[in-house]
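Peer 1: I'd like to ask you about the structure that follows.
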DNA sequence: TTGTAAGCGTTATCAT
DNA sequence: ATGATAACGCTTACAA
């Protein structure tokens with residue numbers, strides 16, 4: 001691995017001149033430039049990006065931390081961030097948080113030590129006070145889930161409103177006992193959606209029945225058991241599935257327990273299933289795009305005042321599954 | 327941002343001693359250690375990972391380059407690599423190659439300049455001679471698609487065999503005119519699968535008819551048009567879809583043109599659709615895991631001789647779509 | 001137009 | 001057990 005110094009010696013110039021050639025500095029005579037370029041060729045010189053990065057004090061990398069990249073929702077966020085980052089000549093470091101909250105802090109602090117240019121986080125925990133000192137130096141944006149105990153740029157969906165309209169939609173179909181299916185009671189998005197569900201019931205003068213709420217239904221067996229329980233005579237006559245993983249897990253069990261269902265979060269082929277699934281659609285790519293955009297903006301104008309919280313609207317897409325099967 | 331030098335001054339020791347404390351060097355007296363630790367606390371010292379990285383000459387990062395992380399197949403590869411990398415305290419840099427082959431070289435060389443610890447690539451091009459000089463210093467493993475004009479560790483599936491058995495399966499159902507649907511004729515995996523399809527036909531004494539081969543069917547309209555063409559009287563009586571994107575794009579059109587179909591690549595909910603889709607299943611996570619494992623092994627034992635090429639078996643999962651609808 | 005000197009923050013080497 | 005010095009490869013500031 002040839003260094004700049006070696007190229008300089010070979011070309012009979014100083015390292016600085018090699019640097020100038022490399023960075024297209026106009027203050028180099030054509031002959032010198034040529035000689036340097038030849039030496040670079042001969043020595044197969046490749047600049048060591050680590051040195052440049054170190055010198056500059058900032059790594060041209062944005063981090064994106066998500067619970068799980070295999071989930072198409074988070075994959076879309078990562079993809080959008082990467083796309084925007086690339087336009088700024090930034091690379092993207094992906095951090096899978098996993099569904100274990102204990103890992104989050106250690107993993108994030110470890111990447112932040114690398115002097116990132118920015119960080120996008122879809123967190124799995126609810127206390128982000130530990131990011132406070134970092135946020136002062138590195139732009140950090142939260143997506144999908146708001147930070148806890150920390151003021152930071154946040155891009156989320158209207159979880160509460162979406163859940164409210166999904167529930168109201170089922171109520172409009174005449175249902176008074178509606179089941180609630182979700183992944184985990186600790187996820188901020190789920191908390192919001194549960195709120196939306198409850199407020200929709202309240203707005204319709206319907207009681208909230210905790211026995212109709214099922215958490216952890218992310219696998220087919222669990223989702224099937226939940227649907228079976230809900231399908232009992234004293235159970236529910238319809239279901240609101242508060243996240244796409246649960247909806248996808250519940251779909252097979254719908255054959256045995258054909259309850260009307262609305263899901264939060266669209267997913268591939270939802271419109272092709274039998275029945276096709278009515279969903280509240282949201283836009284993960286928009287979250288990623290906006291967050292990355294914000295990082296860039298914060299880096300360019302650290303002093304500028306911007307709205308911290310952006311809430312994206314969601315849309316109910318009515319398909320077949322919300323209607324009672326005949 | 328306090329530096330090690332500042333901590334040293336505060337604690338009244340030399341920077342090297344601070345370094346020793348940081349790295350748990352036993353040659354530090356308990357009192358000194360304590361004093362240093364206090365100073366670190368006071369100054370809220372955080373080591374600058376960029377400096378350490380630069381000093382070491384190697385970045386604790388593995389790159390993973392895939393055509394598209396939103397594709398669950400590639401997401402699974404990335405995920406598996408990240409998981410394995412994490413066990414070695416390595417971060418994962420994701421590089422989306424996109425479906426534009428022109429980008430590959432520039433993007434890969436740019437990240438390689440960062441002195442990665444390793445690189446996993448699912449390439450979009452077929453000539454990788456430009457990686458030769460890099461491969462001498464950095465472990466590079468290819469996944470899903472073999473490299474062209476370069477000898478490197480390669481982990482792929484039995485594309486040809488899988489396509490052969492899928493086609494043979496349809497032939498076994500009495501079909502003699504079988505359509506072929508795929509993304510792009512240039513993708514190495516597709517080339518192999520086309521070969522497998524052709525050889526299965528040949529083995530059964532059936533002619534190959536180029537008019538039954540449709541490329542670019544990755545979107546619903548294109549896939550629908552292809553199926554419509556195939557469904558004509560002089561067309562095909564069954565279809566082999568050579569990749570999951572095409573299969574998913576073709577599914578909706580199956581309602582209008584209910585041709586028996588076998589797809590290469592399983593996908594979420596394939597078993598729940600009506601009809602459920604018969605597929606050749608493969609294992610992207612295994613590719614990622616093996617490739618990452620290999621990078622680690624190459625780094626640890628540069629001299630060791632290992633089999634360059636690993637071909638993973640695939641499995642036909644028979645569901646409903648391979649049978650003629652009644 | 002070109003070069004010199006210094007430094008980014010950490011660690012290896014060699015003293016003491 | 002601790003420290004002085006140099007070095008990693010590049011770029012900035014300042015000179016010539």
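Residue numbers (the numbering used here), protein chains in the order written: chain A, 1 to 326; chain B, 327 to 652. Beta carbons: idealized from backbone N, C-alpha and C, even for Gly.
Drop a sphere of 10 angstroms on the beta-carbon of residue 640 of chain B, count the other beta-carbons inside from all chains shown, and report buried for 16 or more, exposed for fewer.
Peer 2: buried
Peer 1: Where residue 490 of chain B and residue 604 of chain B are concerned, what is the direct C-alpha to C-alpha distance, given to the nearest angstrom?
Peer 2: 14 Å
Peer 1: At the level of alpha carbons, what is the spacing between residue 556 of chain B and residue 466 of chain B?
Peer 2: 42 Å
Peer 1: Please report the Cβ distance between residue 200 of chain A and residue 190 of chain A, rounded to the nearest whole angstrom; I am assuming they are in contact, meaning their Cβ atoms lie under 8 Å.
Peer 2: Contact annotation, residue 200 of chain A with residue 190 of chain A: C-beta distance approximately 15 Å; criterion of less than 8 Å not satisfied.
Peer 1: Measure the alpha-carbon distance for residue 280 of chain A versus residue 306 of chain A and round it to whole angstroms.
Peer 2: 29 Å
Peer 1: Consult DSSP for residue 424 of chain B and reduce its assignment to one of helix, strand or coil.
Peer 2: coil
Peer 1: Say whether chain B places a C-beta atom closer than 8 Å to the C-beta of residue 40 of chain A.
Peer 2: Answer no: the Cβ-Cβ gap between residue 40 of chain A and chain B never drops below 8 Å.
Peer 1: Give me the subset of the stretch 390 to 417 of chain B whose CB atoms are less than 7 Å from a CB atom of chain A, sorted by chain position.
Peer 2: Residues 395, 396, 398, 401, 402, 404, 405, 408, 417.
Peer 1: Mapping DSSP to helix, strand and coil, what is residue 372 of chain B?
Peer 2: coil
Peer 1: So, does the CB of residue 4 of chain A fall closer than 8 Å to a CB anywhere in chain B?
Peer 2: no
Peer 1: According to DSSP, residue 566 of chain B sits in a beta bridge with which residue or residues?
Peer 2: B:506, B:588
Peer 1: Is it true that the stretch 52 to 65 of chain A meets the stretch 23 to 37 of chain A, where meeting means three or more beta-carbon pairs spaced less than 8 Å apart?
Peer 2: no
Peer 1: Who are residue 278 of chain A's beta bridge partners in DSSP?
Peer 2: Paired residue(s): A:262.
Peer 1: To the nearest angstrom, how far is it from the Cα of residue 168 of chain A to the Cα of residue 372 of chain B?
Peer 2: 51 Å
Peer 1: Determine which residues of the stretch 419 to 449 of chain B have a Cβ less than 7 Å from any Cβ of chain A, and write them out in chain order.
Peer 2: 419, 420, 422, 437, 439, 440, 441
Peer 1: Just to confirm the assignment: which complete beta strand (DSSP E) runs, minimum length 3, are found wholly within the stretch 452 to 538 of chain B?
Peer 2: 466 to 469, 479 to 483, 504 to 508
Peer 1: When the cut-off is 8 Å and only beta carbons count, does residue 278 of chain A lie next to chain B?
Peer 2: no
Peer 1: Quick check on the burial criterion: 16 or more other C-beta atoms within 10 angstroms. Buried or exposed for residue 477 of chain B?
Peer 2: exposed
Peer 1: Taking CB distances under 8 Å as the criterion, tell me whether residue 54 of chain A reaches chain B.
Peer 2: yes
Peer 1: Which residues in chain B have a C-beta closer than 8 Å to the C-beta of residue 47 of chain A? List them in chain order.
Peer 2: 439
Peer 1: Give a yes or no on contact between the stretch 528 to 540 of chain B and the stretch 586 to 602 of chain B, applying the rule of three or more CB pairs nearer than 8 Å.
Peer 2: no
Peer 1: Between which two residues does the alpha helix (DSSP H) carrying residue 17 of chain A extend?
Peer 2: 15 to 22
Peer 1: Between the stretch 595 to 620 of chain B and chain A, which residues of the former have CB atoms less than 8 Å from a CB of the latter, in chain order?
Peer 2: 595, 597, 598, 599, 600
Peer 1: Taking residue 577 of chain B as the query, report the chain A residues whose CB atoms sit under 9 Å from its CB, ordered along the chain.
Peer 2: 269, 272
Peer 1: When you compare the CB of residue 385 of chain B with every CB in chain A, is at least one pair closer than 8 Å?
Peer 2: yes
Peer 1: Give me the residue from A:16, A:319, A:82 with the minimum Cα distance to residue 285 of chain A.
Peer 2: Restricting attention to A:16, A:319, A:82, the CA atom closest to the CA of residue 285 of chain A is found in A:82.
Peer 1: Less than 7 Å between C-beta atoms, sequence neighbours within five positions excluded: which residues of the same chain meet that for residue 452 of chain B?
Peer 2: 474, 514
Peer 1: Thinking C-alpha only, which one of A:203, A:162, A:202 is nearest residue 193 of chain A?
Peer 2: Sorting A:203, A:162, A:202 by C-alpha distance to the C-alpha of residue 193 of chain A places A:162 at the top.
Peer 1: Identify whether residue 593 of chain B lies in helix, strand or coil by the three-state DSSP scheme.
Peer 2: coil
Peer 1: At what residues does the beta strand (DSSP E) containing residue 638 of chain B begin and finish?
Peer 2: Its beta strand (DSSP E) spans residues 635 to 638.
Peer 1: Please state the DSSP three-state secondary structure of residue 36 of chain A.
Peer 2: helix
Peer 1: Can a CB atom of chain A be found closer than 8 Å to the CB of residue 459 of chain B?
Peer 2: By this cut-off, residue 459 of chain B is an interface position.
Peer 1: Determine, using beta-carbon pairs with one atom in the stretch 38 to 45 of chain A and one in the stretch 240 to 249 of chain A, whether at least three such pairs fall under 8 Å.
Peer 2: Contact annotation: the stretch 38 to 45 of chain A does not touch the stretch 240 to 249 of chain A, with fewer than three C-beta pairs closer than 8 Å.
Peer 1: Is residue 462 of chain B close to chain A? Criterion is C-beta to C-beta, closer than 8 Å.
Peer 2: no
Peer 1: Could you check which residue in B:456, B:417, B:425 has the C-alpha nearest to that of residue 436 of chain B?
Peer 2: B:456
Peer 1: If residue 576 of chain B sits next to residue 587 of chain B, beta carbons under 8 Å apart, how far is it from one beta carbon to the other, in whole angstroms?
Peer 2: 7 Å
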